[in-house]
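Read through the structure below, which is laid out as structure tokens, and then see the notes.
Numbering (our numbering), first residue to last: 1430 to 1927.
Okay, structure coming up:
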């Protein structure tokens, strides 16, 4: 058992590592169908259940079968007929035990699923705590949680009752087997051609009773394994999830961007919904392209296809005249810097957030990027400067400060292709000015694809793409598109760049 502890913890460690890595490489589409809290429950609670229910039981199943086999061999030599009769009883007992085990597994699956929902609810509550307080929804949220918690408690109560039933059942089966052996053995002794004496039978019974404790341990281990098997199935659903975005074995390296990006008859369908339809677009190196359209027109999907967050369902995207699916994924994404509308920062230092994904970055390089992003001044005012922890999702910083750190991250990467989802509308005037200045610097001498929210950005774009219901309906420069008086004119008049 001493050596099994290392194996047990090693297996659980590898399981956690495998789950975490799988979570990193699964496509974005996977997360639109799964609750984050449920994934956290699988990576936490389910792995813990595997450790306690299965790994602990395996230790018993290594030890106890050896004891049982030793006793059975001894009993067989003492009285083969009686031992054969005992072995006949085993399938009957096993069948009854298996039925309880299956029921235990089903209930365990339900309980783990409900725990996943509870974790999702907690994650949503903590993420939206400001809104919950602002709309006086504390009581409503609490009632919702208590309702789901009651449902989870009821399921767990059923689970514990079934698990507690295992011990009385194994005791009952043990007594039944002993009684049957006594009756059968007694008949053997009383028969005229008896091959066993009363003295030998008493020795036989004494050894037979030693079988019961390890047999009960195996039964208990079986129940625990059935309970843990439900968690294994939930874990395997993640580990076996299809990696839709895959890299070809002979994928090409790509370290630079030389000519153009081309969307060639690209369509994208999410489940049954057609999001993009027959997109044809050429972006030359060095061009600044603005994409406009009302909410739901497919703007974000159009740019998400370029770094292969999703793959188009029809057509292809070419980078320097080669399908992007033929390139190494890391190389392809390495050519792109992304500043998203939702600023994503991590509970780490300012330095590490700016240097995310970069290796062997110096302090001077990070500071230079921060200066270009108009972030250096406020960073130096933080308690520990670049080594200040900024909290979950950067909650210790203002919206404008978070945006500028995100821009500094893109500046440090120095990508030839920039994908920018402007997000200045929610900022105050001064923050908006500083962020816009940083964006202007970032876009210099780069191929920029901008999901536009502000007219000032659109005016100076080399090309404006107008999307409507997943199709390109207009294309050109600001003056000509505005003069045509169609979709673009209406968007400008409404300032509806959402």
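We put the beta carbon where it would ideally sit given N, CA and C, even for glycine.
Query - residue 1735, DSSP secondary structure in three states - result: Here residue 1735 carries a coil assignment [DSSP, helix/strand/coil].
Query - residue 1874 beta carbon near the ligand NAD (any heavy atom closer than 7 Å) - result: Annotation note on the ligand NAD: not contained in the displayed structure, which lists no ligands.
Report task. Classify residue 1926 as helix, strand or coil using the three-state DSSP reduction. Result -> At residue 1926, the pLDDT of 49 sits below 50, so the modelled position is not reliable and the matter cannot be decided from this model.
**Report entry** C-alpha distance - residue 1812 paired with residue 1914, whole-angstrom precision
**Finding:** 53 Å
Query raised in the report: Between residue 1926 and the rest of its own chain, which residues show a CB-CB distance below 6 Å, the 5 nearest in sequence each way excluded?
Result: Confidence is the limiting factor: at residue 1926 the pLDDT is only 49, short of 50, which leaves the residue's position unreliable and the question unanswerable from this model.
Query raised in the report: Taking C-beta to C-beta, are residue 1542 and residue 1580 nearer than 8 Å?
Result: Using a Cβ distance threshold of 8 Å, residue 1542 and residue 1580 do not count as a contacting pair.
Query raised in the report: Taking C-beta to C-beta, are residue 1841 and residue 1871 nearer than 8 Å?
Result: No.
Query raised in the report: So what's residue 1709 in DSSP terms, helix, strand or just coil?
Result: Note: residue 1709 maps to strand in three-state DSSP.
Query - Sequence-distant residues of the same chain with beta carbon closer than 6 Å to residue 1633, five excluded per side - result: 1507, 1508
**Report entry** For residue 1781, the first and last residue of its enclosing alpha helix (DSSP H)
**Finding:** 1779 to 1783
Query - Coarse secondary structure for residue 1891, derived from DSSP in three states - result: coil
Query raised in the report: Assuming residue 1693 contacts residue 1745 under a Cβ cut-off of 8 Å, what Cβ separation, rounded to an integer in Å, is found between them?
Result: 5 Å
Query raised in the report: Can you tell me the Cα-Cα spacing of residue 1607 and residue 1638, whole angstroms?
Result: 8 Å
Report task. Would you tell me roughly how many angstroms separate the C-alpha atoms of residue 1573 and residue 1704, rounded to the nearest one? Result -> Residue 1704 has its alpha-carbon roughly 34 Å from the corresponding atom of residue 1573.
Requested in this report: Round the Cβ separation of residue 1479 and residue 1657 to the nearest angstrom and send it over; I've been treating them as touching at under 8 Å.
Outcome: 5 Å
Requested in this report: Could you spell out where the alpha helix (DSSP H) holding residue 1799 opens and where it closes?
Outcome: 1792 to 1801
Query raised in the report: Within this structure, are the beta carbons of residue 1762 and residue 1681 separated by less than 8 Å?
Result: Between residue 1762 and residue 1681, the gap from beta carbon to beta carbon reaches 8 Å or more.
Query raised in the report: Of the residues 1515, 1481, 1697, which one's Cα is nearest the Cα of residue 1706?
Result: 1697
Report task. Pick out whichever of 1593, 1466, 1736, 1539 has its Cα sitting closest to the Cα of residue 1546. Result -> 1466
**Report entry** Between the CA atoms of residue 1799 and residue 1896 - distance to the nearest angstrom
**Finding:** Roughly 34 Å between the two C-alpha positions.
Requested in this report: Find the nearest neighbour of residue 1461 within the set 1862, 1626, 1739, judged by alpha-carbon distance.
Outcome: 1739
Requested in this report: Check residue 1764 in the structure and name its three-state DSSP category.
Outcome: coil
Report task. Determine the DSSP secondary structure at residue 1675, reduced to helix, strand or coil. Result -> Three-state DSSP puts residue 1675 in coil, outside helix and strand.
Query raised in the report: Leaving out five residues before and five after residue 1833 in sequence, what residues of the same chain have Cβ atoms less than 7 Å from its Cβ?
Result: 1802, 1803, 1804, 1863, 1864, 1867
Query raised in the report: Do residue 1471 and residue 1654 have their CB atoms nearer than 8 Å?
Result: no
Query raised in the report: DSSP three-state call for residue 1660: helix, strand or coil?
Result: helix
Query raised in the report: Terminal residues of the continuous alpha helix (DSSP H) containing residue 1638?
Result: 1627 to 1638
Query raised in the report: CA-CA distance, residue 2016 and residue 1917?
Result: A question about residue 2016 goes unanswered here, because the residues of the chain that appear run from 1430 up to 1927.
Query raised in the report: Sorted by chain position, which residues of the same chain lie with C-beta nearer than 6 Å to residue 1584's C-beta, five sequence neighbours on each side aside?
Result: 1539, 1540, 1543
**Report entry** Cα-Cα separation between residue 1807 and residue 1877, rounded to whole angstroms
**Finding:** 27 Å
Query raised in the report: Taking C-beta to C-beta, are residue 1525 and residue 1592 nearer than 8 Å?
Result: no
Query raised in the report: Does the beta-carbon distance from residue 1674 to residue 1737 come in below 8 Å?
Result: yes
**Report entry** Supposed close pair residue 1695, residue 1892 - CB separation, criterion 8 Å
**Finding:** Their Cβ separation, rounded to whole angstroms, is 17 Å, which puts residue 1695 and residue 1892 out of contact at 8 Å.
**Report entry** Run of the alpha helix (DSSP H) containing residue 1819, from where it starts to where it stops
**Finding:** Per DSSP, residue 1819 belongs to no alpha helix (DSSP H) and is neither H nor E.
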